[in-house]
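One structure is given here, and the rest of the page talks about it.
Numbering (my numbering), first residue to last: 45 to 312.
Rendered as structure tokens:
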């Protein structure tokens, strides 16, 4: 299906992207089934040749530069993004890092909450999580249940609750699988994806390896926040974890609408 749309109105130069929702019906052996497809179309593209702003990180003995991109969508490819925005400013020995959420978005791993049907397990267990957790809503928890199954979630919850009594927090996330830590519920990322549940990326090690193979740059997929927490989901073998953790601790990519999902690290 090809969709053509016209946009009119004042201040169109401020529009970063168009969010198109297509409602349609499928018809077949199971009857008429209503479905929804979401497409995000970027409308602004920064100058890829513009020099990034470097700053030194003395404790890491490195320099870092957040790289601005257009609003990434599931029509984008991580390797092509690196080639377009990073390679013009990179040199041999540099390391490129990309946030886990942008990778997941490029993989199409975001879900409309309206399409999530919370079950018995999700509706009850979600109440036991902190309100700020992405698993504290029925839809957020159901997203995890849909990935790992209700049995694993229930077992992880029961064992985690017992472990917490004995002073061992975090056991639930260890037993519930990697996605339990990576799911971002509604409002968890920048617009328009703040209206979706964004899952963690699929096979980040393969993504990092492909970037290295096709661009020559060492690569890592990371999860960084403003609390100085740096989690390395995957990295090519030639990267020092200490270099990544110390260089990214200040969260140079930001957690707001900076649109700098890529950070270039240059060891000194």
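By construction, the Cβ of each residue, glycine as well, lies at the ideal position given by its N, Cα and C atoms.
Asked                                                                                                                                                                  : Found
From the DSSP secondary-structure annotation, give me the bridge partner or partners of residue 117.                                                                   : Beta-bridge pairing links residue 117 to no other residue.
Please report the residue range of the alpha helix (DSSP H) in which residue 200 lies.                                                                                 : 194-209
Helix, strand or coil for residue 58 per DSSP?                                                                                                                         : helix
Near residue 246, what residues of its chain come up, given a Cβ to Cβ distance below 6 Å and the 5 sequence neighbours on each side ignored?                          : 151
Please specify which runs of the alpha helix (DSSP H), each continuous and at least 4 residues long, are wholly inside the region 114-161, giving them in chain order. : 122-129 and 144-150
Counting only the same chain and skipping the five closest in sequence on each side, list residues whose C-beta sits under 7 Å from that of residue 229.               : 178, 181, 184 and 241
Tell me the DSSP bridge mates of residue 215?                                                                                                                          : Residue 215 pairs with nothing; no bridge assigned.
Pair every Cβ in the region 134-148 with every Cβ in the region 258-275, then say whether three or more of these pairs are closer than 8 Å.                            : yes
What does the alpha-carbon distance come out to for the pair residue 283 and residue 214?                                                                              : 28 Å
Using C-beta distances below 7 Å, list every residue in its chain close to residue 187, excluding the 5 sequence neighbours before and after it, in chain order.       : 155, 160, 227, 241 and 243
Say whether the region 298-306 touches the region 101-115, bearing in mind that this needs 3 or more beta-carbon pairs closer than 8 Å, one atom from each stretch.    : yes
Please report how far the alpha carbon of residue 298 lies from the alpha carbon of residue 157, in whole angstroms.                                                   : 25 Å
Below 8 Å on the Cβ atoms is my guess for residue 264 versus residue 278; work out the distance and round it to an integer in Å.                                       : 7 Å
I'd like to know whether the C-beta atoms of residue 86 and residue 115 end up nearer to each other than 8 Å.                                                          : yes
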